[in-house]
Each structure stands twice: as C-alpha cells, then as structure tokens.
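Just below is one structure, and these are the notes that go with it.
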Amino acid sequence: MAVDEGLKIELGKQGVFVTTLQELYNWGRRSSVWPMNFGLACCAIEMIATTMARYDLARFGAEVFRPSPRQADMMIISGTVTKKMAPQVVRLYNQMAEPRYVIAMGACAISGGPFKQGYNVLKGIDRYIPVDIHIPGCPPRPEALLEAFMALQKKIDAQPLTGEGRPRHLDADAPGEFPVPAQGEHDLEPAANKNVWTVPVVIR
Amino acid sequence: MKTLEEIQAAIEAAVPGAGVEIVPNPAPSGEHSLRLKPETAVEVATFLRDDGELALDYLSNVTGVDWPDKEIAEKVKVTRAVTKTVDGVEQTAEETVEETRKRVEPGFLEVVYHLFSMARSHGPVVLRMRTGNRSDRVDLPSLTPVWRSAEFQEREIFDLYGVVFKGHPDLRRILMWDGFKDHPMRRDYVAPDDFEYEPTPHDEVLARAQAHRAAQQAAAAAQEGTGQ
Amino acid sequence: MTNPATEYAAGQGIGDARLDGRMVVDPDSGTDLLEVAMGPHHPSTHGVFRMDVALDGERITRLKPVFGYLHRNHEKLGEGHTYLASMPYTDRLDYICSLTNNWAYALAVEKLAGQEVPERAEYLRVIVGELTRVQNHALSVGFLIQDMGASGTPLMYAFREREKILDLFEALTGSRMMCNYMRFGGCRVDATSEWLDAVRKVVTGLPQFADEFEQLLCTNEILMARTQGVGVLRPELAVSAGVTGPALRAAGVNYDIRKVDRYSIYDRFKFKVPLGEHGDVYDRFMIRLLELRESIKILEQALKEIPDGPVMDPKAKIRNFRPKVGEAYGRIEAPKGELGFYLISDGGPNPYRYRVRPPSFVNLTILEDMCLGHNVADVVLILGSVDIVLGEVDR
Ligand code: SF4
Chain L
7 MAVDEGLKIE LGKQGVFVTT LQELYNWGRR SSVWPMNFGL ACCAIEMIAT
57 TMARYDLARF GAEVFRPSPR QADMMIISGT VTKKMAPQVV RLYNQMAEPR
107 YVIAMGACAI SGGPFKQGYN VLKGIDRYIP VDIHIPGCPP RPEALLEAFM
157 ALQKKIDAQP LTGEGRPRHL DADAPGEFPV PAQGEHDLEP AANKNVWTVP
207 VVIR
Chain S
4 MKTLEEIQAA IEAAVPGAGV EIVPNPAPSG EHSLRLKPET AVEVATFLRD
54 DGELALDYLS NVTGVDWPDK EIAEKVKVTR AVTKTVDGVE QTAEETVEET
104 RKRVEPGFLE VVYHLFSMAR SHGPVVLRMR TGNRSDRVDL PSLTPVWRSA
154 EFQEREIFDL YGVVFKGHPD LRRILMWDGF KDHPMRRDYV APDDFEYEPT
204 PHDEVLARAQ AHRAAQQAAA AAQEGTGQ
Chain U
26 MTNPATEYAA GQGIGDARLD GRMVVDPDSG TDLLEVAMGP HHPSTHGVFR
76 MDVALDGERI TRLKPVFGYL HRNHEKLGEG HTYLASMPYT DRLDYICSLT
126 NNWAYALAVE KLAGQEVPER AEYLRVIVGE LTRVQNHALS VGFLIQDMGA
176 SGTPLMYAFR EREKILDLFE ALTGSRMMCN YMRFGGCRVD ATSEWLDAVR
226 KVVTGLPQFA DEFEQLLCTN EILMARTQGV GVLRPELAVS AGVTGPALRA
276 AGVNYDIRKV DRYSIYDRFK FKVPLGEHGD VYDRFMIRLL ELRESIKILE
326 QALKEIPDGP VMDPKAKIRN FRPKVGEAYG RIEAPKGELG FYLISDGGPN
376 PYRYRVRPPS FVNLTILEDM CLGHNVADVV LILGSVDIVL GEVDR
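Protein chains in written order, with our numbering: chain L, 7 to 210; chain S, 4 to 231; chain U, 26 to 420.
This is how it looks when you write it as structure tokens:
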C-alpha cells in the first residue's frame, strides 16, 4: 500500500515520517551496496579511480570494498573474464550472500570486448551468472560507473517484496547456486549456462 | 661489440664443432642472428655468457615461432624422351616441358633468444634454434640453467607452442590450465566454437557465425510456430 | 631537502637503523607445511594473480606463481591484425602506462621498416612517456603502501596526481587511459601550445607533490621496519633472471635503457640513474621516488626545448603498410622495466609473429627467491615492490 506523496511531505514537515515496509527495506538495500574488492583487468583501475577522492563512490554508500565475498553485496566484473578465470568468478558469485547484484563493467565483461576473438576469452560473463547492469566502454569512465550505481539503485527501489518481479532472495524457487563450469581439454564445459543465457535473437 | 662473424669464429674456437650458422636479416634493423645446433647449444650459450669480451649476461627475450609445413609450387623444366611417329617411323626425341611440381617443405618450431650484455652495455645478439618437426621431434635443450630469465618464457613456449625443453627445472603449462590439450599459438590451431552470438560479424568470424545462423533461425521459427 | 631515507637509498646507508628481517628456514623442523593458495582473488595481488604458497608456521618454504588468469591472447590477436590495428591493443598490455606501450611498439615497427620520426614528435613522445612514468611510480608506491595496511591516504595522494596527468592525456589523445597516441613515424595529433602550457603547470606542481609524498612516507618507522631487509635481491641473480627497471637498479646494477640504447632523444637530456644498495623492498620503493624526481627534470628540459614542426613523417605510410621481409626487436625503458616488441614480417599486412617481452612477467621469475624464509605478510609487500600489472604478465 503506497502512501500519497503529498500527504507524506506534509506529515514530514510536522516531524512524522510515514513509509511502507517495502520502501524501508529497499532503502536499506540500496544505500549500503558494498562492492567486492575484485579487479580483473584494465577496468579495475577505473573502478579504483571511482573510489578515490575525485569521484568519491562513498556518496552512494558503496565505498566499503570487501575482500571477502561473504561480506559483499555486489560484484563489479571489472575487466576481461578469461576462461581460466571464469570458474573462479562463478564460484565467488556463489559464495556471496543474497541479496547480491552484478555490474558488468566494460566491453570485455559484456561480450569479450576487443579480445573477443581470443581463444581464452569468455564472451561475456552473462553466459554463467545473471547480470543486473551492463556499462559499455573500454574502459568506462568513472562517471559511467557512478551512473551504473544510480541505475542499480533505481532498480532496487522499484522492486516489490512480493509477487512478480520480487528480488531473487525472496523467491523460494529462484536458483541460488549457479553451476561452476569445468575446464575441459579444449574449452569450458559447458560453454554457457542455458538457464541463465540464451542466444539473443539478432535482428538483421 | 664484435661483429657476428667474429662471434661465430670465437664460438668455433671455444666449442669445436659448434656448427653455428649466420642467418641474415634483410630488414633495416640489420639484426642478424646465429643458428645454434641443439646438441651444442648449452655449451655455446655458456661460452657467450662467460666470455670476458662478449659477457652476454642478460637474456632478455625468448620467443617461439611456428613455421608450418609449406607447400611450394615451383615450375621445373623437365626433359624427357618422347616417342613420336613421324612418317610412319617411330622416332625418339628429347623434349623440354615445363611442369609444376608441388613440394612440401617440412615445418618446424623455432625458438629465438635475444641476448644483451649488462656488464658491457651492448647487444642484441640473436640466437635461434629449430626443432626437427612439429609433431614428435619437438625437444630442444633448455637454456634456463644458463640464464634464469628463460625459466618462465620457456614454459610459456612449451604451453603455447609445445616445444619440450630438455633440462628445464619445472616444465608445466603456465598460461593455460593444466588439463588443456592444445597449443594455441600454433598457426593451425582452431579456437573453440563459441560464435553463436555475433551481432556484427566480419572476416573470418562471419563464416563461423553463419554456421550457427541456420540452426538459430530454425529454432526461432519453431518457437514462433508454438507461440501462435 | 635532505632526508635520511633518501640518503639511505642513494647508497650512503643509515647503519643501525637497518633491521635484519631475514630468517633461516629449518628444513627438518618436522612441522607440517600448510599449503595456501593466495589468489587469484586476493586484495593485494594487483589483479588476478595466484601464488601457491607452502608455509611452515608463518614462514614461506615454497612459493609458485600461477599465471594465466588474464591471458587475453594478445600475441595471437596481433598475428591476425594489421600492424596499425595492434596499436590500440598495446594500450591494454600494461594498462597503467598505455603511452609507453605505444612507444615501444612504434619503435619496433619503425626499426622493422626503417622509418624516421620528426623531432617534435620525439619530444612529444618523451613528454608523454615521462608523464606516464611519474604517474606509474606514484601509483605503484601508493599501492605498495596500501598493501602494507596504510589504507587510503597514500593512494589518494597518488591518485590525485594521476588524475591531473590523465586530464592532460585526455586533452591530447581523447582518452584517459587507453591513449592510442603514437603512430609509425610520429604521433597521431599535434599538441597545442595551450596543452603544453597545461603540462608546464602540472610539471611545476610535481616537485611539491614529490616532497609531500616523501615526507609522508619515507621516514615512517613502520614502513622502514617492514621493508628494510625484506625481499633482498642480489645483483647477480637479478641480472641472470633478466630483472629490469627499478627492481634491477635497486639491486645496484646500473642499467637504464634510456642511457644504454639512447633511443629517441634521451641523449639530449641530463638526468641521473638512481641506484640502490641493498636491493630490498625499501630500496625498490625509494628508487621509484627518486626516479620520479628525475623524470620531472627530463620533463622540464623537454618542455623548454620542444621545437615546432610536423609530428608525422610525411613519407610515413598509414594505409596499406607492409614492411619488407625481416625482423626487428625494439625495446624501451618502460616504467616497469624493459618493454620489448619482437616482430617478424613476411611482407604481408599483418606481422607473422608479434611477440611482447613484458617486463613484469620476467621480473616475477625471482619472486620465490625473494620470498623464501619471510613471513607470509611480507609476500604482499615483496610482490607490491616488484610492481606488476597483470595485463602485461599474462598478455
Ligand atoms: S573493456 Fe577495455 S578497458 Fe575494460 S578490461 Fe576490457 S580491454 Fe580493458
């Protein structure tokens, strides 16, 4: 049940704050998204630059970089995921506690980017784990990463707690573990997780 | 620094039967190289490092190069005896014909070493070695006992090219994972096929993306069929 | 400014303040070894690097680096692209110093094809190259201190300076990090006089930054206790293992390719090559700070002398560039050591073989030797002092 915006402001002037559980819950989730301290390649340098004084990620409640996946809410895939690294990325994602979010930062994380034709380069991390926000760029500027944060916060804000479109951790049927690909003799096995990624239809 | 000819002579004097050849390099850089025989390579390398005047104490770069089998088509003039019947009489005459013959030059793997001297600030001296072929005679002596810096670089060549360095202290795959079977830097390596999603394919990727396209279109059509 | 720490690294020594951190491993202590995998996800491995460590208590008895987590097939892709198309890829090798990577590659191709570079372009190369060195050294020192536990402050100082330099790069080349600026036979665009003025302004501020940074760090007691005598690299081993760059000079070997090869126009500038004496983490750290000051000197001279003129050789061919058959090895003194490119041409538009000689990869050869007998907490420092970038290690 939503509260009328005007009424809320009026009451606020009187020192009475009215909110819904959903708003409160989402406010809590979005204001303390702690990223995992996890850099993969060139984009990681821009990610670090974003946390530094000039861009100041702290404004989004996200300056606390956690080295352990258990304490982190968000994984920024900042760089090229190689086939040697992909199992570890999936494993780290599995180790994170819900609610958890993923930002694919840069062309490489989205699709393999400039290194797409490489034999050891995974063509996009969304083949194995669900990605919330994609930011293009090579590397994306720090402003782009901030934009991604804002987009993620909007996304969290809009999530209802029940019914259709509720976050994964409130849905008992949603998968919590994602299979870790194995390193085979020639390639990763399987080459993509069919439950997460289906070949997008290309409109030509 | 000594010229390459002088170095060659010095090597021959120090390591009799070294059999070092000079490989000319036509590029403006003029970095000619010395080809070593694998049997004497370690001895020659030790000499190059320890010789007071050369003092090539610093091995900078180790490169693997793949030279696959080359098919050479060459025109050869062949003279052969032809029997002709002229005026009812059989005659044998010599005739010269041009024939295209295909010859396969066997391929090999090559390892190139770039040496410098830190003590005397000169260089580079380029050494190269060849394997017998690309399949079963791929061993070469390791120069890691002479220069430590070859350690990881030779491992990399073992990983990506499949050259087996005899005498290397720790020859394992370095860049690819241990269970990996191929040698991806070889020129005939075919990368695994994950070209199913290529929004803007071109060049060689186009052909591989198109191979997937028929199946995708069929699947899309089938889905449309069930949707209606 | 005299600073006891500076003098120490310059070889004068501060005697008893030096701590002996080396411990002796008892191979038959009989204790069980604990095997730990540090990485590939580890906050202080500077990316996706792994070390398989065997520990006896806290002490390292074996350390095997594991590479390849960022193996992006740079060399294979280089064989499939034209010479020019590989230029943006070189940006992504050592992604902190894209401009020096460009330079090394351009130098190798110019050697292969026998091209000339106009004078103004050489000056511009030196300017952007030395700016790159300044920001790399500041950053690597910042990360080293960060690994030591001084979270934030020193790194913030370094990043503040880096942002100023990146702004200059962006104004000149259009990109902060991936500059793709150099071409075979010159540079892509000319610098305006306003840009040069902006550089002058930044360069005037750099000595103050260097002072500030040194004051903040060099005499810090904790830093000295943790870095002096840790990770000692003997010069003979350094030479044999092909270590280059600040790590080599910290071991006392005078080898700077800017002085040895005198490539580009480095013979015109007056600068010193700082040398260490002990080859430990502290020396490597100090050498970077001293080199940063030398780079500022070079920058000042280059900015004074830069002539007018073209930035591209008019004879240089951009399209349809096919060098003749042959090979060449070009190398420069990149901030991390000798960065070389070895190219074999078969006369086609693509190189037949495109090899990168990465400094950080070769410098890691002696990581185990430096770490043996030290505590596991020192490993991150020793690794930090080698200054690696994984894009270059794994390519
Ligand atoms: S997107 Fe570009 S900058 Fe980012 S990791 Fe990939 S190559 Fe590096």
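Glycine residues also receive a C-beta, built at the ideal position from the N, C-alpha and C atoms. Values in this document were obtained by computation on a predicted structure and should not be read as measured data.
Spell out whether any CB of chain S is found under 8 Å from the CB atom of residue i.
{"i": "U:Val50", "result": "Residue confidence is low: U:Val50 scores 42 on pLDDT, short of 50, so the model does not pin down where it sits. Its coordinate-derived value is still stated next. No, its Cβ sits nowhere closer than 8 Å to a Cβ of chain S."}
{"i": "U:Ile357", "result": "no"}
{"i": "L:Ala125", "result": "The question names Ala, yet the displayed sequence has Tyr at residue 125 of chain L. Yes, L:Tyr125 counts as interfacial toward chain S."}
{"i": "U:Tyr280", "result": "yes"}
{"i": "L:Lys14", "result": "no"}
{"i": "U:Lys349", "result": "yes"}
{"i": "L:Gln94", "result": "no"}
Can you find a heavy atom of ligand 1 that lies under 7 Å from the Cβ of residue i?
{"i": "U:Pro383", "result": "no"}
{"i": "S:Gly67", "result": "no"}
{"i": "L:Cys144", "result": "yes"}
{"i": "U:Tyr3", "result": "Since the first and last residues shown for chain U are 26 and 420, residue 3 of chain U lies out of range."}
{"i": "U:Cys204", "result": "no"}
{"i": "L:Gly119", "result": "yes"}
{"i": "S:Ala48", "result": "no"}
{"i": "L:Gly112", "result": "yes"}
{"i": "U:Thr198", "result": "no"}
{"i": "U:Arg380", "result": "no"}
{"i": "L:Thr86", "result": "yes"}
{"i": "U:Arg117", "result": "yes"}
{"i": "L:Ala150", "result": "no"}
{"i": "L:Cys49", "result": "yes"}
Chain L beta carbons: is any one of them nearer than 8 Å to that of residue i?
{"i": "S:Gly165", "result": "no"}
{"i": "S:Tyr200", "result": "yes"}
{"i": "U:Phe421", "result": "Because residue 421 of chain U is not part of the residues shown, which for chain U are 26 to 420, the question remains open."}
{"i": "U:Arg428", "result": "Missing from the structure shown is residue 428 of chain U; chain U here goes from 26 to 420 and no further."}
{"i": "S:Ala17", "result": "no"}
{"i": "S:Phe183", "result": "yes"}
{"i": "U:Asn98", "result": "yes"}
{"i": "U:Phe423", "result": "The structure shown does not extend to residue 423 of chain U, since chain U is modelled only from 26 to 420, so the question has no answer here."}
{"i": "U:Glu188", "result": "yes"}
{"i": "S:Val208", "result": "yes"}
{"i": "U:Met181", "result": "yes"}
{"i": "U:Tyr108", "result": "no"}
{"i": "U:Leu44", "result": "With a pLDDT of 30 at U:Leu44, under the threshold of 50, the predicted position of this residue should be treated as unreliable, and no value is reported."}
In the DSSP assignment, what residue or residues form a beta bridge with residue i?
{"i": "S:Glu102", "result": "S:Val79"}
{"i": "S:Asn64", "result": "S:His117"}
{"i": "L:Ile109", "result": "L:Ile82 and L:Ile139"}
{"i": "S:Val166", "result": "Partner(s): none; S:Val166 has no beta bridge."}
{"i": "U:Gly211", "result": "U:Arg208 and U:Met337"}
{"i": "U:Asn400", "result": "U:Arg84"}
{"i": "S:Ile25", "result": "S:Leu37"}
Does residue i have its Cβ less than 8 Å from a Cβ in chain U?
{"i": "L:Ala47", "result": "yes"}
{"i": "S:Thr49", "result": "no"}
{"i": "L:Glu52", "result": "yes"}
{"i": "S:Ile10", "result": "no"}
{"i": "S:Ile232", "result": "As shown, chain S starts at 4 and ends at 231. That puts residue 232 of chain S outside it, with no answer to give."}
{"i": "S:Leu146", "result": "no"}
{"i": "S:Ala76", "result": "no"}
{"i": "L:Glu60", "result": "Here residue 60 of chain L is Arg; the residue named in the question, Glu, does not match the sequence. Chain U contact via Cβ: present."}
{"i": "S:Phe155", "result": "yes"}
Checking contacts by CB at 8 Å: is residue i closer than that to chain B?
{"i": "U:Tyr291", "result": "In the structure shown, chain B cannot be found, because the protein chains are L, S and U."}
Any chance the stretch 201 to 210 of chain U sits against the stretch 118 to 134 of chain U, with 3 or more Cβ pairs inside 8 Å?
yes
Within 8 Å, do at least three Cβ pairs link the stretch 139 to 149 of chain U to the stretch 382 to 397 of chain U?
Result no; under three Cβ-Cβ pairs closer than 8 Å.
Quick one: any contact between the stretch 297 to 317 of chain U and the stretch 327 to 347 of chain U, if contact means 3 or more CB pairs under 8 Å?
no
Counting pairs of Cβ atoms below 8 Å between the stretch 69 to 78 of chain S and the stretch 103 to 119 of chain S, do you hit three or more?
Yes, since at least three Cβ pairs between the stretch 69 to 78 of chain S and the stretch 103 to 119 of chain S fall closer than 8 Å, the two stretches touch.
Take every Cβ of the stretch 56 to 69 of chain L, pair it with every Cβ of the stretch 150 to 168 of chain L, and state whether three or more of those distances are shorter than 8 Å.
yes
Count Cβ pairs between the stretch 59 to 71 of chain S and the stretch 108 to 127 of chain S that sit closer than 8 Å; are there 3 or more?
yes
Would the stretch 184 to 196 of chain U and the stretch 251 to 259 of chain U be scored as touching if the rule is three or more Cβ pairs under 8 Å?
no
Any 3 or more C-beta pairs closer than 8 Å across the stretch 368 to 382 of chain U and the stretch 258 to 266 of chain U:
no
Check whether the stretch 175 to 186 of chain U touches the stretch 114 to 125 of chain U, taking contact to mean three or more Cβ pairs, one atom from each stretch, closer than 8 Å.
With contact defined as three or more Cβ pairs closer than 8 Å, the stretch 175 to 186 of chain U and the stretch 114 to 125 of chain U are not in contact.
Would you check if the stretch 99 to 117 of chain U and the stretch 121 to 129 of chain L touch, i.e. whether three or more CB-CB distances between them fall below 8 Å?
yes
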